[in-house]
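So the sequence shown is numbered by my numbering: it starts at 1 and just counts up by one.
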Amino acid sequence: MRVTEQQAEGYDFRAIQDRWLPVWEQLEPFAAGRSDDGRPKKYVLDMFPYPSGDLHMGHAEAFCFGDVLARYWRGRGYDVLHPIGWDSFGLPAENAAIKRGVDPREWTYANIAQQKASFRLYAPSFDWSRVLHTSDPEYYKWNQWLFLKMYEKGLAYRKASWVNWDPVDQTVLANEQVLADGTSERSGAVVVKKKLTQWYFRITDYADRLLDDLDQLEGKWPTKVLNMQRNWIGRSVGAEVEFEIEGRAEKVPVFTTRPDTLHGATFMVVAPDSDLAAELAASASAEVRTQFQAYLEEAQKQSEIDRQNADREKTGVFLDHFAINPVNGERIPVWAADYVLADYGHGAIMAVPAHDQRDLDFARKFDLPVRVVLEVRDAEGEIVADPAESGVAASGDGILINSGELDGLGKTDAIAKAIEVLEARGTGRGAKTYRLRDWLISRQRYWGTPIPILHGADGSMRPVEQSALPVELPASEGLDLKPKGASPLGAATEWATVVDTETGETLTRDPDTMDTFVDSSWYYFRFLSANDDTQAFDPAEAKKWAPVDQYVGGVEHAILHLLYSRFITKVLHDLGYIDFEEPFLDMLNQGMVLLDGAKMSKSKGNLVEFASELRDHGADALRVTLAFAGPPEDDIDWADVSVQGSAKFLARAWRIADDVQKSGSPAGASFDSGDAVLRRATHKLLADAPELLEAYKFNVVVARLMEQVNVTRKAIDAGAGAADPAVRESAEAIAMILSIFAPYAAEDMWAKLGHEPTVALAVWPQADPALLVEDEVTMVVQVDRKVRDRLTLSASVTEAEAEAAALASPAVQRAIGDREIVNTVVRVPKIVSIVTKPAS
Numbered sequence: 001m002r003v004t005e006q007q008a009e010g011y012d013f014r015a016i017q018d019r020w021l022p023v024w025e026q027l028e029p030f031a032a033g034r035s036d037d038g039r040p041k042k043y044v045l046d047m048f049p050y051p052s053g054d055l056h057m058g059h060a061e062a063f064c065f066g067d068v069l070a071r072y073w074r075g076r077g078y079d080v081l082h083p084i085g086w087d088s089f090g091l092p093a094e095n096a097a098i099k100r101g102v103d104p105r106e107w108t109y110a111n112i113a114q115q116k117a118s119f120r121l122y123a124p125s126f127d128w129s130r131v132l133h134t135s136d137p138e139y140y141k142w143n144q145w146l147f148l149k150m151y152e153k154g155l156a157y158r159k160a161s162w163v164n165w166d167p168v169d170q171t172v173l174a175n176e177q178v179l180a181d182g183t184s185e186r187s188g189a190v191v192v193k194k195k196l197t198q199w200y201f202r203i204t205d206y207a208d209r210l211l212d213d214l215d216q217l218e219g220k221w222p223t224k225v226l227n228m229q230r231n232w233i234g235r236s237v238g239a240e241v242e243f244e245i246e247g248r249a250e251k252v253p254v255f256t257t258r259p260d261t262l263h264g265a266t267f268m269v270v271a272p273d274s275d276l277a278a279e280l281a282a283s284a285s286a287e288v289r290t291q292f293q294a295y296l297e298e299a300q301k302q303s304e305i306d307r308q309n310a311d312r313e314k315t316g317v318f319l320d321h322f323a324i325n326p327v328n329g330e331r332i333p334v335w336a337a338d339y340v341l342a343d344y345g346h347g348a349i350m351a352v353p354a355h356d357q358r359d360l361d362f363a364r365k366f367d368l369p370v371r372v373v374l375e376v377r378d379a380e381g382e383i384v385a386d387p388a389e390s391g392v393a394a395s396g397d398g399i400l401i402n403s404g405e406l407d408g409l410g411k412t413d414a415i416a417k418a419i420e421v422l423e424a425r426g427t428g429r430g431a432k433t434y435r436l437r438d439w440l441i442s443r444q445r446y447w448g449t450p451i452p453i454l455h456g457a458d459g460s461m462r463p464v465e466q467s468a469l470p471v472e473l474p475a476s477e478g479l480d481l482k483p484k485g486a487s488p489l490g491a492a493t494e495w496a497t498v499v500d501t502e503t504g505e506t507l508t509r510d511p512d513t514m515d516t517f518v519d520s521s522w523y524y525f526r527f528l529s530a531n532d533d534t535q536a537f538d539p540a541e542a543k544k545w546a547p548v549d550q551y552v553g554g555v556e557h558a559i560l561h562l563l564y565s566r567f568i569t570k571v572l573h574d575l576g577y578i579d580f581e582e583p584f585l586d587m588l589n590q591g592m593v594l595l596d597g598a599k600m601s602k603s604k605g606n607l608v609e610f611a612s613e614l615r616d617h618g619a620d621a622l623r624v625t626l627a628f629a630g631p632p633e634d635d636i637d638w639a640d641v642s643v644q645g646s647a648k649f650l651a652r653a654w655r656i657a658d659d660v661q662k663s664g665s666p667a668g669a670s671f672d673s674g675d676a677v678l679r680r681a682t683h684k685l686l687a688d689a690p691e692l693l694e695a696y697k698f699n700v701v702v703a704r705l706m707e708q709v710n711v712t713r714k715a716i717d718a719g720a721g722a723a724d725p726a727v728r729e730s731a732e733a734i735a736m737i738l739s740i741f742a743p744y745a746a747e748d749m750w751a752k753l754g755h756e757p758t759v760a761l762a763v764w765p766q767a768d769p770a771l772l773v774e775d776e777v778t779m780v781v782q783v784d785r786k787v788r789d790r791l792t793l794s795a796s797v798t799e800a801e802a803e804a805a806a807l808a809s810p811a812v813q814r815a816i817g818d819r820e821i822v823n824t825v826v827r828v829p830k831i832v833s834i835v836t837k838p839a840s
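In structure tokens, the structure reads:
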């Protein structure tokens, strides 16, 4: 399709959008892998959106950056896979549907349709032939397949345990879904503990690999994200020590990073909500049982954050039991106290009050022994005061004392010796523990993937046969979806009841649904075979396209989504489906779009609507503004940007192609003549743009395009005219590079320059090395740190020649006057710096 002069009297973004959008939809230029033409392949992926309404400015930013990279790699000659889908299960849809009295499907798919229409106009280069929605049975069938594979491998299991409970949404939460202040990331409610039987994925089996493999991603993932992952996995190295408790046959394992301080352990503390505490209290006196039950109820009202607050007054209950210190045989009391958590180690710690502040505070509160076993010195070399008297624990490194065979050893040697002693006596061993806990995946809500397990009346569990997948959600009609602590699916009697055709046994479907993070933990594989109903993904396609070369999305997913995705990738590797273990090779985290320094929200009345910006300024101006606003990882304040300025730049660029068209300059002309200055600028842009884009310096490339437009306009107006081959060469380079930011304007330019669509598939020309060699350089001349002249000199100028030219400059001579030159520093090709002093 070619643009005629009658069609394009001036730059009109609406007319240009209307002209090219239907052409692209007809051509489907971004369908990946249509032909095996030998091009190298790239997989560029954006974190897929949740359909909570229309697109917003955060979407505009994230998908702009992802599309810049996808379009860039096509321009470099790659076959690029850049798919789109919707993360469409989950609580927000269900809660919105309950509020409106509609089916979650109705609300979800209406929003998807709206977002899809907005995406089409915004023009990201998606492969629309691979669209997926995680709430489609065609997708969640493979969620269930993955669950069954995990179940077969022993990585999916069900157990009763204390879980995080959201009292508003009435469902359990994974540890990662509880914010630092102890509230739910979903509802904002204070999370409480509740004992329930739930489904887990055994992610802790992969803790070491998940931690150690982060080293492979150094320099490719943001450092902040790597550190967040490392801290969340939280590996600690030390020893597991076995304590005997009087009257109990089974020993209690206790993890400690400082087994060298065992001689200082004067009591044991167990979490009040642990099974061990309940067991010990049950065999205690009636008075202790009553005290313990009251204490447990109070502890359960506290968030984990509050319980671990070091400034809280220590509380506890003596459990009327004693343990035996395995290194010295001492009888030490066992207490329940809420500063110990049930899911840390085995829910029990050895308390060394002289050298741990929380233990010391507890010991002083309940008058328990404090024994110093480390001789710790302060900065001046003085031995620190006795903690029992000062109230300050002697933490840190020191020399072991009062510790038998460990006396006189430093920390490292003492830890190694302590582990050796424990292993020799059979009372302990070297061990590791982690902050990471197994991934709790079951939810007591409707809008999610049904768990493919059948339960027998005798408590047995039976996986659904793969041939019977998907286990589809029943219609919501007639079900009460309001959160009430039990899954609504349990009330779908007809759906939930299954009769075994061979035995006649009546079975019941598991009533829970899967955490939606299961959906997003592997979706990047499904894109490879989005329309294949015979397998989750084709391993041959994975070998061809995966892992993802470039991932783009928000840092808010640094722990949850990325950790789970890495885990599932490693599981699929171990199952033999793929030959790699990390899903995303490179990652870009975009910042936030703010207004007047604050996060946008309807309640604050500071919302900039994506739809209105798109309507008023067009997709191109919006995209250029976002790319030009600053480094992509930085926040963008919409009050500080100029969409109108971007639109003016696009009009200037478009007019260059318009001038070339009107000049009659033919397409296909050779670019070996014309304005030499302009040709050098064009090839410098072609040489620099790839490196800048691969370093995510999108704003710098937009600035360079603006400079190129100005240089080209100057060449046209200075007399070369639009018919100059150098002008056409520049116009084509501008159109190709501009297409990654402003696809509509660039496509219109490309057509005006006489080419068939689409510019997005045009391979960028290589820069001519001969045109990158500068004939001249500009050197700044300073006198006493003030710039006095700028000299245009030969690129081959020597230091002596540059100094002579500087001293010959009339402006420099006037600045020196009758002063005496003290020193002259020459740095070719940048600067000549002259230092003077008053004449003597």
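Heads up, the beta-carbon is just placed ideally off N, CA and C, and yes, glycines get one too. As the structure is a computational prediction, the values presented were derived from the model and not from experiment.
Per the coordinates, the alpha-carbon of Q308 lies some 16 Å from the alpha-carbon of L296.
In this structure, T171 and R371 do not form a Cβ contact; the two beta carbons are roughly 46 Å apart against a cut-off of 8 Å. Comparing alpha-carbon positions, the option among L761, I349, D181 and G674 lying closest to A718 turns out to be G674. The beta carbons of V270 and A363 sit about 16 Å from each other, so the pair does not count as a contact at 8 Å. Taking each of A342, P333 and A394 in turn and checking the Cα distance to P369, the smallest one comes out for P333.
A residue is called buried once 16 or more other Cβ atoms fall within 10 Å of its Cβ, and I383, having fewer, is exposed. Note on the segment 671-732: whole alpha helix (DSSP H) runs with a minimum of 4 residues are 676-694 and 698-715, in chain order. Every alpha helix (DSSP H) of 4 residues or more that sits fully in the segment 308-377 is shown, in chain order, as 357-366. Just so you know, the alpha carbons of Q229 and Q198 end up roughly 25 Å apart. Non-local C-beta neighbours of E633 in its own chain, meaning closer than 8 Å and more than five positions away in sequence, comprise P222, L588, N589, Q590, G591 and Y696, ordered along the chain. Taking C-alpha positions only, Y139 is separated from E472 by approximately 11 Å. Straight across, the Cα-Cα distance linking G448 with D54 is about 22 Å. In the three-state reduction of the DSSP assignment, T534 falls in the coil class, being assigned neither a helical nor a strand state. When only Cα atoms are considered, E244 and L319 end up about 15 Å apart.
Pairing A32 with F527, the inter-Cα distance amounts to about 11 Å. Nearest to E185 by C-alpha distance, out of A239, G58, D208 and P92, is P92. Cβ neighbours of A629 within its own chain (closer than 6 Å, five residues either side excluded): I636 and V641. If you check the CB distance, A802 and V822 do not come in under 7 Å. Taking the Cα positions, T513 is about 30 Å away from L276. The alpha-carbon separation between I419 and P326 amounts to approximately 12 Å.
With a beta-carbon spacing of about 44 Å, L121 and A486 fall beyond the 8 Å limit used to define contacts.
Boundaries of the alpha helix (DSSP H) harbouring V660: V643 to S663, taken from the DSSP string. Distances from the CA of P387 to each of E405, D356 and G381 were compared; the closest alpha carbon is that of D356.
Exposed is the label assigned to K159, since fewer than 16 other Cβ atoms lie within 10 Å of its Cβ. Taking one beta carbon from each stretch, the segment 762-772 and the segment 87-102 have fewer than 3 pairs nearer than 8 Å; the two do not touch.
Using a Cβ distance threshold of 7 Å, V759 and A726 do not count as a contacting pair. 7 Å or more divides the Cβ of F48 from the Cβ of D127. Rounded to the nearest angstrom, the gap between the Cα atoms of P690 and V787 is 34 Å.
DSSP places H557 in no beta strand (DSSP E); its state is neither H nor E.
With a 10 Å radius around the Cβ and a threshold of 16 neighbouring Cβ atoms, K543 comes out exposed. In its chain, beyond the 5 residues on either side, L595, D596, A598 and M600 have a beta carbon closer than 7 Å to the beta carbon of N606. Secondary structure of T516 (DSSP, three-state): helix. With a threshold of 16 other beta carbon atoms within 10 Å, K193 meets it and is buried. The beta carbon of Q708 sits closer than 8 Å to the beta carbons of A681, T682, L685, S730, A733 and I734 from its chain, once the five residues preceding and following it are set aside; these are given in chain order. Counting along the chain, T836 sits inside the beta strand (DSSP E) bounded by residues I831 to K837. Counting of Cβ neighbours within 10 angstroms places P137 among the exposed residues, the total staying below 16.
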